[in-house]
Amino acid sequence: MGRIITVVNQKGGVGKTTTAINLAACLAEQGKKTLLIDIDPQGNTTSGVGFDKNNVHHNIYNVMIGEIGLADVVHNTPFSSLDIVPANTKLAGAEVEMVNLEQREYRLKDALEQLEKEYQFLIIDSPPSLGILTINSLTATQTILVPIQCEYYALEGITELLNTVRLVKRNFNPHLKIEGFLLTMYDKRTRLSIQVAKEIQSCFKERVFDVLIPRNVSLGEAPSFGQPIIHYNKHSQGAKAYKSLAGEVLSGG
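For the sequence shown, numbering that gives the first Met the number 0 assigns the number 0 to the initial residue and increments by one for each residue that follows.
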């Protein structure tokens with residue numbers, strides 16, 4: 000049975016999609032058969048591994064509204080051991096369409112049951128909001144990985160997110176656990192980054208990953224080339240950091 004990890008933070012711009020893509024790619028590079036599931040209507044995870052999100056005919060939207068099964072929307076990426084379930088803006092409509100569906104919180108969980116035996120890791124990139132798509136991600140997952148940006152207001156919204164996690168745990172997914180908090184966009188030259196990192200480490204203690212994801216030019220460029228960082232620039236600081244993260248995730252399993 001594969002390990003299911005959802006990358007989640009309802010605050011945008013914290014490195015959530017970057018983390019989902021690059022953690023999945025680094026696990027795949029280690030020979031772990033990995034499925035990346037894009038459930039964010041922005042579809043940036045989809046384009047970040049080289050797909051034209053606007054030309055993906057069937058995607059996670061069709062699965063969520065019950066038209067087809069998950070296996071029908073799995074695509075091989077150009078990268079060894081890494082597959083993707085794509086998304087695009089059609090998915091935004093699913094929030095409304097799912098309102099009257101029965102068991103709407105379990106749609107993704109039920110869909111994943113088809114495939115979780117085929118993969119060692121299933122990495123879900125959830126939307127930057129706490130709507131029904133994120134609730135589905137939290138209900139379907141075993142653990143959550145929360146990226147936190149090393150900037151002002153870093154902890155803004157984390158209380159709200161953890162309250163949502165508690166509600167989901169109580170009502171839909173009693174086994175839900177925290178994989179860890181990941182410090183992103185860290186700049187060792189600024190006092191602010193160092194201060195925020197210390198604050199988060201004292202707040203969440205051993206739940207914070209050891210690795211710090213740096214501010215890195217290559218990490219910013221890679222998505223526009225449709226490549227994970229280890230394929231775009233494997234010698235960059237960003238590539239080294241995400242390899243370390245994959246190592247921590249593997250040793251935590």
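Idealized CB from N, CA, C, for every residue including glycine.
For residue i, three-class secondary structure by DSSP
i: residue 244; result: helix
i: residue 230; result: helix
i: residue 146; result: strand
i: residue 75; result: strand
i: residue 159; result: helix
i: residue 63; result: helix
i: residue 222; result: helix
Own chain, CB closer than 7 Å to residue i, minus 5 neighbours either side, in chain order
i: residue 245; result: 22, 25, 26, 29
Spatial neighbours of residue i in its chain, beta-carbon cut-off 6 Å, leaving aside the 5 residues before and after
i: residue 43; result: 16
i: residue 10; result: 156
i: residue 61; result: 67
i: residue 124; result: 6, 16, 19, 37, 39, 44
i: residue 97; result: 103, 131
Distance between beta carbons of residue j and residue i, contact taken as under 8 Å
i: residue 218; j: residue 18; result: Not a contact, Cβ separation roughly 10 Å.
i: residue 3; j: residue 178; result: Not a contact, Cβ separation roughly 10 Å.
i: residue 6; j: residue 144; result: 5 Å
i: residue 20; j: residue 227; result: 5 Å
Residue i, buried or exposed, once every other Cβ within 10 Å from all chains shown has been counted against 16
i: residue 240; result: buried
i: residue 120; result: buried
i: residue 134; result: buried
i: residue 251; result: exposed
i: residue 0; result: exposed
Sheet register partners of residue i (DSSP bridge)
i: residue 179; result: 144
i: residue 33; result: 81, 120
i: residue 193; result: DSSP output for residue 193 lists no bridge partner at all.
i: residue 5; result: 123, 143
Cβ-heavy atom distance, residue i to the ligand COA, below 7 Å
i: residue 62; result: Questions concerning the ligand COA fall outside what the structure shown contains, since it holds no ligand whatsoever.
Other residues of its chain near residue i: CB distance less than 8 Å, five sequence neighbours each side excluded
i: residue 87; result: 40, 42, 45, 52, 53, 55, 58, 60
8 Å Cβ cutoff, residue i in contact with chain C
i: residue 239; result: Any reference to chain C falls outside this structure, which holds one protein chain only.
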